[in-house]
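In the working numbering, the protein residues as written are 2 to 183.
All remarks here apply to the structure that follows.
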Amino acid sequence: MKTIITLMLLYTFSFMITAQSPFYDFKVKTLEGDDFDLSTLKGKKVLVVNTASKCGFTPQYEDLETMYRKYGGDDFVIVGFPANNFLHQEPGTNEEIREFCTKNYGVTFPMMAKISVKGDDMHPLYKWLTTKEENGVLDSKVKWNFQKYLIDENGKLVDVAYPKEKPNSDRIISWVTSERVK
2 MKTIITLMLL
12 YTFSFMITAQ
22 SPFYDFKVKT
32 LEGDDFDLST
42 LKGKKVLVVN
52 TASKCGFTPQ
62 YEDLETMYRK
72 YGGDDFVIVG
82 FPANNFLHQE
92 PGTNEEIREF
102 CTKNYGVTFP
112 MMAKISVKGD
122 DMHPLYKWLT
132 TKEENGVLDS
142 KVKWNFQKYL
152 IDENGKLVDV
162 AYPKEKPNSD
172 RIISWVTSER
182 VK
């Protein structure tokens, strides 16, 4: 009987592991159209943020860039995903988005091609970020532009910061500067 219970537990555990799609399995496109494999971020904390150029939260680009210049490198990266899901606040092409971000905010952190972060055409990465069945941690909805997802060094979703929380909030900075997860 112990053997049967042990086998059932092992099967359930292995199913739970395979049912969760790891962050590092995703491949996306940069604003320039190049492939970007999220597995290249292994070992780094990652702040994933959906962005828009014509939003009341657009000035957060400045905070994100300041944060990236201060903490970015071997242990931390910000990855921006422009999205036009909220009142058409990101209508530009990828080229126009790059020009806007560079000219107005000097953005140097990685910016990906425009995607959808909600709805029927939601990008698979955002399905993973927002669905507990996939990420193993929590369900969430992308409420607006500049929502932030915190991913640890092992590719595990840690938490979500909603748009009103600035990227340089004490909570986010504390997470960025905390000891590495083993």
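Yeah, the Cβ is synthetic: ideal placement off N, Cα and C, and Gly gets one too.
Close Cβ partners of residue i (< 7 Å) along its chain, the five nearest in sequence each way excluded
i	result
V47	V78, V80, I152
D76	K45, K46
H89	none
Option in the options with minimal Cα separation from residue i
i	options	result
M113	V177, I98, L130, L88	I98
Y127	P83, N155, N105	P83
V108	E63, Y25, F58	E63
P111	T52, D26, W176, V143	T52
K30	N136, C102, K115, G74	K115
V118	S40, Y106, T132	T132
Y25	S40, G34, N105	S40
K28	T94, P125, V138, N85	P125
N85	K71, T59, N136	T59
L65	V50, E100, F101, V138	V50
Q61	S170, T178, S179, W176	S170
W176	F101, M68, F37	M68
D35	G137, C56, E96, G156	E96
F147	L42, G57, D38	G57
Burial state of residue i (16 or more Cβ within 10 Å)
i	result
S54	buried
P92	exposed
P168	buried
N105	exposed
K142	exposed
K71	exposed
G73	buried
G120	exposed
Own chain partners of residue i with C-beta closer than 6 Å, once the 5 adjacent residues on each side are dropped
i	result
W145	F87, P164
V161	S141, Y150
S22	Residue placement at S22 is flagged as unreliable, the pLDDT there being 48, under the threshold of 50; the coordinate-derived value follows with that caveat. Contacts found: W129, E135.
L139	K133
S179	none
The alpha helix (DSSP H) enclosing residue i, as first and last residue numbers
i	result
L65	61-72
N105	95-106
Cut-off 8 Å between Cβ atoms - residues of its own chain near residue i, not counting five sequence neighbours on either side
i	result
R172	A162, E166
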